[in-house]
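One structure below.
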Ligand SMILES: Nc1ncnc2c1ncn2[C@@H]1O[C@H](COP(=O)(O)OP(=O)(O)OP(=O)(O)O)[C@@H](O)[C@H]1O
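Residue numbers (the working numbering): 2 to 265.
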């Protein structure tokens with residue numbers, strides 16, 4: 002591909018995920034306007050912008066979570082490894098295993114800690130034996146930084162953990178099905194500063210192994226955890242670039258106004 006190649010479709014961009022000309026409507030109301038962006042493996046991408054600008058809506062297009070909202074309609078192209086995730090051939094259950102999601106409010110299943118992590122690998126047939134499943138559960142909890150805190154109480158309910166532990170359990174659950182991309186929608190907004198610091202540390206550790214996209218209201222958090230930042234405003238992607246540049250030398254006036262606290 003040369004620089005002159007039009008980016009009208011994302012088929013051959015070589016990025017982990019690519020969106021081209023994406024619009025999202027809720028009924029007649031347009032929430033996302035003509036957004037094009039690439040997401041890569043080797044960095045964390047932060048979506049920032051004032052409340053209601055469409056960060057969560059756009060994030061949800063990346064694993065078709067908007068399918069669960071009856072009024073939502075998505076147009077444009079979204080590719081995962083060059084494959085159109087909105088094509089009729091795409092298995093949505095598989096897609097959501099490949100592109101996992103962690104929500105604002107920790108939402109463990111009302112099941113044991115072990116079952117929370119084992120459920121996905123079991124339904125996706127990822128473990129041939131109980132020993133293999135035990136290994137996946139332990140490995141996922143270790144990678145989510147939770148193993149030492151829960152190894153002696155795996156049969157306790159996931160909902161009995163603290164909020165921060167529940168969020169790490171949800172990250173372990175996402176990791177357990179061996180995803181390629183992890184979407185995080187304000188994962189720390191319900192957590193205290195210590196639990197938040199643990200999640201941020203975890204994001205650093207997971208970086209490189211997965212493509213990570215995080216929606217955050219907190220600009221300091223975006224600056225701490227991400228290498229790329231996308232600024233959204235009124236449903237548009239106003240600016241996307243290296244996090245350092247977005248925060249120190251934004252090119253667009255609207256980005257500058259937002260990061261200097263003039264609105265939002
Ligand atoms: N399920 C829905 N039905 C109708 N409109 C919706 C729905 N979800 C979001 N919207 C609207 O779409 C626009 C974008 O909302 P969205 O939640 O994506 O923004 P956001 O930037 O993530 O906001 P916040 O930071 O407050 O979470 C808003 O105008 C919102 O009211």
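Heads up, the beta-carbon is just placed ideally off N, CA and C, and yes, glycines get one too.
Proximal residues to residue i (C-beta, below 6 Å), its chain only, five neighbours per side dropped
i: residue 110; result: 117
i: residue 243; result: none
Rounded C-alpha distance that separates residue i from residue j
i: residue 220; j: residue 256; result: 12 Å
i: residue 96; j: residue 29; result: 27 Å
i: residue 56; j: residue 164; result: 23 Å
i: residue 119; j: residue 162; result: 17 Å
i: residue 135; j: residue 128; result: 9 Å
i: residue 43; j: residue 107; result: 26 Å
i: residue 152; j: residue 143; result: 10 Å
i: residue 190; j: residue 218; result: 8 Å
i: residue 179; j: residue 88; result: 22 Å
i: residue 198; j: residue 192; result: 9 Å
Beta carbon of residue i nearer than 8 Å to that of residue j
i: residue 23; j: residue 70; result: no
i: residue 205; j: residue 50; result: no
i: residue 59; j: residue 186; result: no
i: residue 196; j: residue 122; result: no
i: residue 1; j: residue 159; result: Outside the shown range of the chain, which is 2 to 265, sits residue 1, and nothing can be said about it.
i: residue 100; j: residue 184; result: yes
i: residue 250; j: residue 47; result: no
7 Å Cβ shell around residue i - same chain, five flanking residues per side excluded
i: residue 147; result: 166, 169, 170 and 173
i: residue 45; result: 204, 208, 213, 215, 226, 227 and 228
i: residue 93; result: 65 and 68
i: residue 157; result: 113 and 114
i: residue 34; result: 24, 236 and 237
i: residue 252; result: 240
i: residue 77; result: 20, 21, 22, 23 and 24
Expected contact under 8 Å - CB spacing of residue i and residue j to nearest Å
i: residue 232; j: residue 239; result: 5 Å
i: residue 64; j: residue 102; result: 6 Å
i: residue 26; j: residue 74; result: 5 Å
i: residue 181; j: residue 17; result: 6 Å
Beta-carbon contacts of residue i that lie in its chain and below 8 Å, excluding the five residues immediately before and after
i: residue 262; result: none
i: residue 145; result: 169, 170, 172, 173, 176 and 203
i: residue 259; result: 49, 50, 51, 232, 234 and 265
Min CB distance residue i to chain B below 8 Å
i: residue 172; result: Within the model displayed, chain B is absent; a lone protein chain is all it includes.
### Task
Starting from the N-terminal side, write out each stretch of the beta strand (DSSP E) that is 3 residues or longer and does not extend beyond the segment 34-69.
45-49
### Query
What runs of the alpha helix (DSSP H), each 4 residues or longer, lie entirely inside the segment 133-168?
For the alpha helix (DSSP H) assignment, the uninterrupted runs of no fewer than 4 residues enclosed by the segment 133-168 are, from N- to C-terminal side, 148-151.
### Length-filtered (3 minimum) beta strand (DSSP E) runs lying within the segment 183-239
212-216 and 229-234
### Query
Which residue spans inside the segment 85-113 form an unbroken alpha helix (DSSP H) run of at least 4?
Secondary structure within the segment 85-113: the alpha helix (DSSP H) runs of 4 or more consecutive residues, fully enclosed, are 93-99 (chain order).
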